[in-house]
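Written below as C-alpha cells is the structure these notes are about.
There are 2 protein chains.
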Amino acid sequence: MFELHPTLANDTVEITRLSLCRVLLIRDKTYPWIVLVPQQDGLRDLDDLNETDRIQVMSEIDHVSKTLKSLFKPYKINVAALGNVVEQLHIHVIARFQDDAAWPAPIWGVGPLEDYADTDRDLLVVKLQEKLNKIAVL
Amino acid sequence: MFELHPTLANDTVEITRLSLCRVLLIRDKTYPWIVLVPQQDGLRDLDDLNETDRIQVMSEIDHVSKTLKSLFKPYKINVAALGNVVEQLHIHVIARFQDDAAWPAPIWGVGPLEDYADTDRDLLVVKLQEKLNKIAVL
Chain P
1 MFELHPTLAN
11 DTVEITRLSL
21 CRVLLIRDKT
31 YPWIVLVPQQ
41 DGLRDLDDLN
51 ETDRIQVMSE
61 IDHVSKTLKS
71 LFKPYKINVA
81 ALGNVVEQLH
91 IHVIARFQDD
101 AAWPAPIWGV
111 GPLEDYADTD
121 RDLLVVKLQE
131 KLNKIAVL
Chain W
1001 MFELHPTLAN
1011 DTVEITRLSL
1021 CRVLLIRDKT
1031 YPWIVLVPQQ
1041 DGLRDLDDLN
1051 ETDRIQVMSE
1061 IDHVSKTLKS
1071 LFKPYKINVA
1081 ALGNVVEQLH
1091 IHVIARFQDD
1101 AAWPAPIWGV
1111 GPLEDYADTD
1121 RDLLVVKLQE
1131 KLNKIAVL
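As you go down the protein sequences, you meet chains P and W in turn.
For reference, each letter of the first sequence is one residue, going 1 to 138 in the numbering used here.
For reference, each letter of the second sequence is one residue, going 1001 to 1138 in the numbering used here.
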C-alpha cells in the first residue's frame, strides 16, 4: 500500500493523481513548485522504476512542465530527483525566473517554505487541476 | 550542427556517445558526476525533447545511473536538469554518499571543481566506457 512520506504530506497539497504519480504543490509561494511522487512503495531513485514506469514518469514530468510553462511563462524549468533528505522517490518540477529568490542557484536550502494564503493556494490548485486534467497523459 | 557549450566542454571530459546523448565526466573528484547532453541544437528544458527522445533520454539516464551504482555503490543517485547558468540542456547524474562534501544538500555551489589527477581520470573514463558501452541502450 502506497503511503506518502509525512514530510511530503506536510509540505504540500495534492493537486491531482495521474496514472503513475501523485501531483503535489509545495506550500511555498516563492516559486511555482510541483512534486511528482510515483505511487509505489520502496522507490528511492529514478532507476528503481521499471521500464514502463520510467516512460510514464517522463511523460508526467513533461505534462507538468508544459503546464507550468503555460500558466507562468517561466524563464526555465528545473527538474530534479534528489531525495537525500526525504528518501521516498519524488521529482521536483519548478518554474524558475531570472528575478526569483534563488536565481540562478538551485532553490533548495535558500530559504524556509513560505506558504500561500489559503485562498491563493486554493485558486492555484484549481487552475493547475484544470490544466493537468484537461489532456490525457499517454 | 550540434556544438557542446564551451563551459561544459571546459569542465568535462567525454566518456562516450550514446544514441542521443554525449556522456561527459565532470572534472571534479569530489563526486562521481556525469552529465548527459542530448546532441541536438536549441534544447533548453527536458520538455523541449520530442516524445521519442524523451523516452531515449530516460533510458540513457537509467543506464548511466545503474553504471554509477555498479561502480561506486553510492547511497543515492541524484538526477537533475537545471541549466540556469549553462542553458544548453544537460542532465546531471551524480553518485552521492552520506560522507560526501555536500551531503545531504545538493552539490551545486558547494565548492569549486577539483579536477582528478590525469591518470586517475583516464582510468575512471576507461572503466566507465567499458560499463557504458557493454550494454546496448534501448
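Built from N, CA and C at the ideal position, the CB exists for glycine as well.
Bear in mind the structure is a predicted one, so any value in this text is a computation, not a measurement.
{"query": "Pick helix, strand or coil for W/LEU1018, following the three-state DSSP scheme.", "result": "coil"}
{"query": "Pick out whichever of P/GLY109, P/LEU18, P/LEU123 and P/HIS5 has its Cα sitting closest to the Cα of P/ASN133.", "result": "P/LEU18"}
{"query": "Determine the contact status of P/ASP47 and W/ASP1062, defining contact as a CB-CB distance below 8 Å.", "result": "yes"}
{"query": "Any idea which residues DSSP pairs P/VAL37 with across the strands?", "result": "P/ARG22"}
{"query": "Can you list the residues of chain P that W/ILE1061 reaches, using a CB-CB cut of under 8 Å?", "result": "LEU46 and ASP47"}
{"query": "Can you tell me which residues form a DSSP beta bridge with P/ILE91?", "result": "P/LEU36"}
{"query": "Do P/ALA81 and W/VAL1125 have their C-beta atoms closer together than 8 Å?", "result": "no"}
{"query": "What did DSSP end up calling P/THR30 once you bin it into helix, strand or coil?", "result": "coil"}
{"query": "Between W/VAL1064 and W/VAL1023, how many whole angstroms is the CB-CB distance? I'm expecting something under 8 Å.", "result": "6 Å"}
{"query": "Could you check where the alpha helix (DSSP H) with P/LYS131 kicks off and where it finishes?", "result": "118-134"}
{"query": "Within the 8 Å Cβ cut-off, does W/PRO1038 reach chain P?", "result": "no"}
{"query": "Say whether the stretch 1001-1013 of chain W touches the stretch 106-120 of chain P, bearing in mind that this needs 3 or more beta-carbon pairs closer than 8 Å, one atom from each stretch.", "result": "no"}
{"query": "Can you grab the Cα-Cα spacing for the pair P/LYS69 / W/VAL1093, in whole Å?", "result": "24 Å"}
{"query": "By the criterion of Cβ-Cβ separation under 9 Å, what are the contact partners of W/ARG1027 in chain P?", "result": "In chain order: nothing, as chain P lies at least about 20 Å away."}
{"query": "Please report how far the alpha carbon of P/PRO38 lies from the alpha carbon of P/LEU71, in whole angstroms.", "result": "24 Å"}
{"query": "Got a sec: does the ligand GDP put a non-hydrogen atom nearer than 7 Å to the Cβ of P/LEU20?", "result": "Here there are no bound small molecules, and the ligand GDP is not part of this structure."}
{"query": "Quick one: what's got a C-beta closer than 6 Å to W/LEU1138's C-beta in the same chain, skipping five residues either side?", "result": "Low local confidence applies: a pLDDT of 48 at W/LEU1138 is under 50, so the model's placement there is unreliable, and no value is given."}
{"query": "Measuring straight from C-alpha to C-alpha, what distance separates W/PHE1097 and W/TRP1108?", "result": "15 Å"}
{"query": "In the stretch 1036-1085 of chain W, which residue ranges form an unbroken beta strand (DSSP E) of at least 3 residues, counting only runs that do not cross its ends?", "result": "1076-1081"}
{"query": "Would you kindly work out how many angstroms separate the C-alpha atoms of P/TRP103 and W/GLU1087, rounded to a whole number?", "result": "13 Å"}
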